[in-house]
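Q: Residue numbers (the numbering used here), protein chains in the order written: chain Y, 2 to 330; chain R, 2 to 330.
Each residue gets a CB set at the ideal place from its N, CA and C atoms; glycine is no exception.
Protein chains: 2
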Amino acid sequence: MNIIEIAKLAGVSKSTVSRYLNDGYVSEEASEKIKEVIEQTGFVPRRQAQAMRSQKTNLIGIIVPKISTETAARVIEGITNELSNAGYEVLIGNTSQSIEKEFDYLKVFKNQVDGIIFMATEITPKHYELFEQLHIPIVVVAQKVKDYPCIVHDDYHASKDAINYLIDKGHRSIGFIGVGEYDVAVGIERKKGYLDALEEQKIEAQSEYIQIGDFSHESGFNLTKHLMSLPKPPSAIFAVTDNLAIGCMEYLKENGYKIPDDVAVMGLGDIKIAAYMTPGLTTVHYHFQTMGAKSANLLMQLIQSGKESSKNYESNFIFNYRLIERDSV
Amino acid sequence: MNIIEIAKLAGVSKSTVSRYLNDGYVSEEASEKIKEVIEQTGFVPRRQAQAMRSQKTNLIGIIVPKISTETAARVIEGITNELSNAGYEVLIGNTSQSIEKEFDYLKVFKNQVDGIIFMATEITPKHYELFEQLHIPIVVVAQKVKDYPCIVHDDYHASKDAINYLIDKGHRSIGFIGVGEYDVAVGIERKKGYLDALEEQKIEAQSEYIQIGDFSHESGFNLTKHLMSLPKPPSAIFAVTDNLAIGCMEYLKENGYKIPDDVAVMGLGDIKIAAYMTPGLTTVHYHFQTMGAKSANLLMQLIQSGKESSKNYESNFIFNYRLIERDSV
DNA sequence: TTGTACGCGTTATCAT
DNA sequence: ATGATAACGCGTACAA
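1) When DSSP labels each residue in this structure, what does residue 84 (chain Y) get in the three-state scheme?
2) Between the alpha carbons of residue 56 (chain Y) and residue 155 (chain Y), how many angstroms are there, rounded?
3) Around the Cβ of residue 54 (chain R), are there at least 16 other Cβ atoms within 10 angstroms (buried) or fewer (exposed)?
4) With 16 as the cutoff for other CB atoms within 10 Å, does residue 17 (chain Y) come out buried or exposed?
5) Let me know if residue 87 (chain R) comes out buried or exposed under the rule of 16 or more other beta-carbons within 10 Å of its beta-carbon.
6) Shorter than 8 Å from the beta carbon of residue 50 (chain Y) to some beta carbon of chain R?
7) Is the beta carbon of residue 80 (chain Y) sitting closer than 8 Å to the one on residue 63 (chain Y)?
8) Quick one: which residues of the stretch 139-157 of chain R get their C-beta closer than 8 Å to a C-beta of chain Y? List them in chain order.
9) Rank Y:52, Y:280 and Y:85 by C-alpha distance to the C-alpha of residue 48 (chain R) and give the top, closest one.
10) Quick check on residue 70 (chain Y): does DSSP put it in helix, strand or coil?
11) Going by DSSP, what residue range makes up the beta strand (DSSP E) through residue 267 (chain R)?
12) If the cut-off is 8 Å on Cβ atoms, which residues from the stretch 106-126 of chain Y count as contacting chain R, listed in chain order?
13) Give the interface partners of residue 327 (chain R) over in chain Y, defined as CB-CB distance under 8 Å, in chain order.
14) List the residues that DSSP assigns as beta-bridge partners of residue 287 (chain R).
15) For residue 79 (chain Y), which of helix, strand or coil comes out of DSSP?
16) Can you pull the chain R neighbours of residue 74 (chain Y), defined as C-beta to C-beta under 7 Å?
17) Could you pull the DSSP bridge partners for residue 120 (chain R) from this structure?
18) So if I threshold CB-CB distances at 8 Å, which residues from the stretch 269-297 of chain R count as touching chain Y?
19) Quick one: give me the first and last residue of the beta strand (DSSP E) that residue 131 (chain Y) is part of.
20) By a C-beta neighbour count over all protein chains shown, 10 Å radius and 16 as the cutoff for buried, is residue 191 (chain Y) buried or exposed?
21) With DSSP run on the structure shown, which of helix, strand or coil describes residue 154 (chain R)?
22) Establish whether the CB of residue 299 (chain R) and some CB of chain Y are separated by less than 8 Å.
23) Residues bridged to residue 239 (chain Y) by DSSP?
24) DSSP state of residue 92 (chain R), grouped into three classes?
25) Evaluate residue 113 (chain Y) with the Cβ neighbour count: other Cβ atoms within 10 Å of its Cβ, from every protein chain shown; 16 or more gives buried, anything less gives exposed.
26) Would you kindly work out how many angstroms separate the C-alpha atoms of residue 134 (chain Y) and residue 4 (chain Y), rounded to a whole number?
27) Taking Cβ positions only, does residue 93 (chain Y) come closer than 8 Å to chain R?
28) Find the nearest neighbour of residue 178 (chain Y) within the set Y:235, Y:26 and Y:328, judged by alpha-carbon distance.
29) Taking residue 159 (chain Y) and residue 245 (chain Y) to be in contact with their CB atoms under 8 Å, please state how far apart those CB atoms are, rounded to whole angstroms.
30) How about residue 185 (chain Y) and residue 145 (chain Y): do their beta carbons lie closer than 8 Å?
31) Around the C-beta of residue 326 (chain Y), are 16 or more other C-beta atoms found within 10 angstroms, so that it is buried, or is it exposed?
32) Along the alpha helix (DSSP H) that carries residue 41 (chain Y), what are the first and last residues, could you check?
33) Taking 8 Å as the CB-CB cut-off, is residue 242 (chain Y) touching chain R?
34) How would you list, in chain order, the residues of chain R whose beta-carbon sits under 7 Å from the beta-carbon of residue 53 (chain Y)?
35) If you run the structure through DSSP and keep just helix, strand and coil, what is residue 25 (chain R)?
36) Give a yes or no on whether 8 Å exceeds the smallest Cβ distance from residue 217 (chain Y) to chain R.
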């Protein structure tokens, strides 16, 4: 079922049908006949053909590390809502945390979509190389990127505020559970926030209090075990993600420590589970869905501006956060 | 950058380049030149053009009620992993629980993708009408559908087993928190499981124990409040989703009831939070990700079989479940 | 207002 | 082995 068949059935030429579809000038009688035929047949113009002709795909590609992650899902929720309102459709690239797949999608989406939203963890030179080869705008979410537009949370201050909160509550020995520095936002920024907060309060950072693992749950568990086996265990533990904090709480609870009386625990991100833990996890709320919406709007704006690339985009967006006091501190 | 330019740069015709790209016979020297040019330029064939010519889009459309829902995210995770291994890309339609948007996506995807996976809640006659108009296979997930392939969990028996488990634990007065019957799987099947389990154990169902709300968290909270204000409150409560069960637990905990001593609580679905509640929520595990993977495989199989529609597909898939004993019963 | 003819990038057919 | 050409479905400049 194509536009020619519709034209035949309506007794007009395909140009007339095309005009009808695209708000062009069509006489009333032709208009009605076409309308009727289209309703009967349920005809919808093929988007691939439209894209071919117009050089606009009306498609946006999203690349995410793992779609079943709560944070990714929330970002995507924000993105898709905005985009579908604007008539865009969304192609999704789930990389399962594989950097190779990130590269693949960056290549595959290249001339298949009008723009890309890239939810990043680690940014390597190869990434920049691929960004260069893009002839469409790209917006990076969750990691700072040089020369390209990006949307991030203020990881440094969020972390710093969290530590200051712990210090305010009287803690002087604060354990830190972090992740590798390949992830700048989570691995470096949040650690720096921790270190700077201590320094400003004249508390000497102790290297044995600083534990680095991966993003897994078990990592939170095991590193807490290690912290608590120290000669002088910390009175509070800050984990750079809620997921880690939950692993941390598990260890403490299983081993009879009272939270927050024996050990206070603080996370970052405010995933849904945080509210349901016992005690409720004190953490920092991040606005992932709003962030997704913002990235979508920014991307659409870049597309409409007609630029071939979003390189050298001047301003970035740093999202605010909100400290959530619950009962684990 | 298109195939013609590559051809020019390599000093051959575009047909030769096309053959090079598609495993055709090309002389070694031509081959090498083309390879070189493609590497330099980073050329990738435009998928829209390929689709145009081949009548295959290599795209699959997924329609989900709400992407940021844990169950949906897990289903999508399963789907995308399977599909991307097979070289398909995924177009996502997030309907935000709007039935109108479901219709929209069913129309829009119609001649834009090679097949559709539809995660459904409510199936109306209008849905069937749109299914009819499809000229591509569709697989329905999470709801039974007449004449079309679908992949579901065994809601009836899952629910029944849950109730039997409660009965085994000595409960005779079991409250039920359900949802509207527009959702057949959750609203009807799970309720039937409850009723039949009681009947088989010669326990008379009491209408005041059966409370119906929506899917929200608050619903679980409020309906529990109502159940507990009954002259003779139940000794156990079964909620048809974990989300409702969690709302239920919240009410009980806030009001000083001990779980499971005063009231036992059981859910269904085994969302992540369930494991972290205190006490851990006893529930029934559903295999959402595997379900997604299965639906993807089935759809690919249908596509490869070359049928224009998946209507009258004979066999459906009913997934098993697993009872998870934790501490709320 | 309507219709004709062409082009978008690719693949398939057919000669050469 | 290679190249010219048609075809896919649609939009649009141009002619009528």
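A: Here's the rundown:
1) Taken through DSSP and simplified to helix, strand or coil, residue 84 (chain Y) comes out as helix.
2) Whole-angstrom Cα-Cα distance: 37 Å.
3) Its Cβ having fewer than 16 others within 10 Å, residue 54 (chain R) is exposed.
4) It is buried - the Cβ of residue 17 (chain Y) has at least 16 other Cβ atoms within 10 Å.
5) By the 10 Å Cβ count, residue 87 (chain R) comes out exposed.
6) Yes, its Cβ sits closer than 8 Å to a Cβ of chain R.
7) With contacts defined as CB atoms closer than 8 Å, residue 80 (chain Y) and residue 63 (chain Y) qualify as a contacting pair.
8) The residues in question: there are none.
9) Comparing Cα-Cα distances from residue 48 (chain R) to each of Y:52, Y:280 and Y:85, the minimum goes to Y:52.
10) Residue state, collapsed to three classes: coil.
11) From DSSP, the beta strand (DSSP E) with residue 267 (chain R) extends over 265-267.
12) Correct list: 108, 109, 111, 112 and 113.
13) Neighbours of residue 327 (chain R) on chain Y: none; closest Cβ ~14 Å, over 8 Å.
14) Partner(s): R:322.
15) Looking at residue 79 (chain Y) - three-state DSSP - the assignment turns out to be helix.
16) In chain order: 68, 69 and 74.
17) R:142, per the DSSP bridge assignment.
18) Of all residues in the stretch 269-297 of chain R, 273, 274, 277, 278, 279 and 290 have a Cβ within less than 8 Å of some Cβ in chain Y.
19) Taken as a continuous stretch (DSSP letters only), residue 131 (chain Y) belongs to no beta strand (DSSP E), being part of the alpha helix (DSSP H) at 126-134.
20) Buried, because 16 or more other Cβ atoms sit within 10 Å of the Cβ of residue 191 (chain Y).
21) The answer is strand: DSSP assigns residue 154 (chain R) an E or B state.
22) Not closer than 8 Å to any Cβ of chain Y, the Cβ of residue 299 (chain R) fails to qualify, so no.
23) According to DSSP, which records beta bridges pairwise, residue 239 (chain Y) is partnered with Y:177 and Y:267.
24) It is a strand residue.
25) With 16 or more Cβ atoms within 10 Å of its Cβ, residue 113 (chain Y) is classed as buried.
26) Looking at the two C-alpha atoms, the distance is approximately 36 Å.
27) It does: the Cβ of residue 93 (chain Y) has a partner Cβ on chain R nearer than 8 Å.
28) Of the candidates Y:235, Y:26 and Y:328, the one whose C-alpha sits nearest the C-alpha of residue 178 (chain Y) is Y:235.
29) A Cβ-Cβ distance of about 15 Å is found for the pair residue 159 (chain Y) and residue 245 (chain Y), leaving them out of contact under the 8 Å criterion.
30) Contact: yes.
31) It is exposed - the Cβ of residue 326 (chain Y) has fewer than 16 other Cβ atoms within 10 Å.
32) Residue 41 (chain Y) -> alpha helix (DSSP H) spans 29-42.
33) Closer than 8 Å to the CB of residue 242 (chain Y) there is not a single CB belonging to chain R.
34) Ordered by position in chain R, the residues that pass the 7 Å Cβ test against residue 53 (chain Y) are 49, 50 and 53.
35) Here DSSP, grouped into helix, strand and coil, assigns residue 25 (chain R) to coil.
36) Using beta-carbon distances, residue 217 (chain Y) does not count as an interface residue toward chain R, since no partner is under 8 Å.
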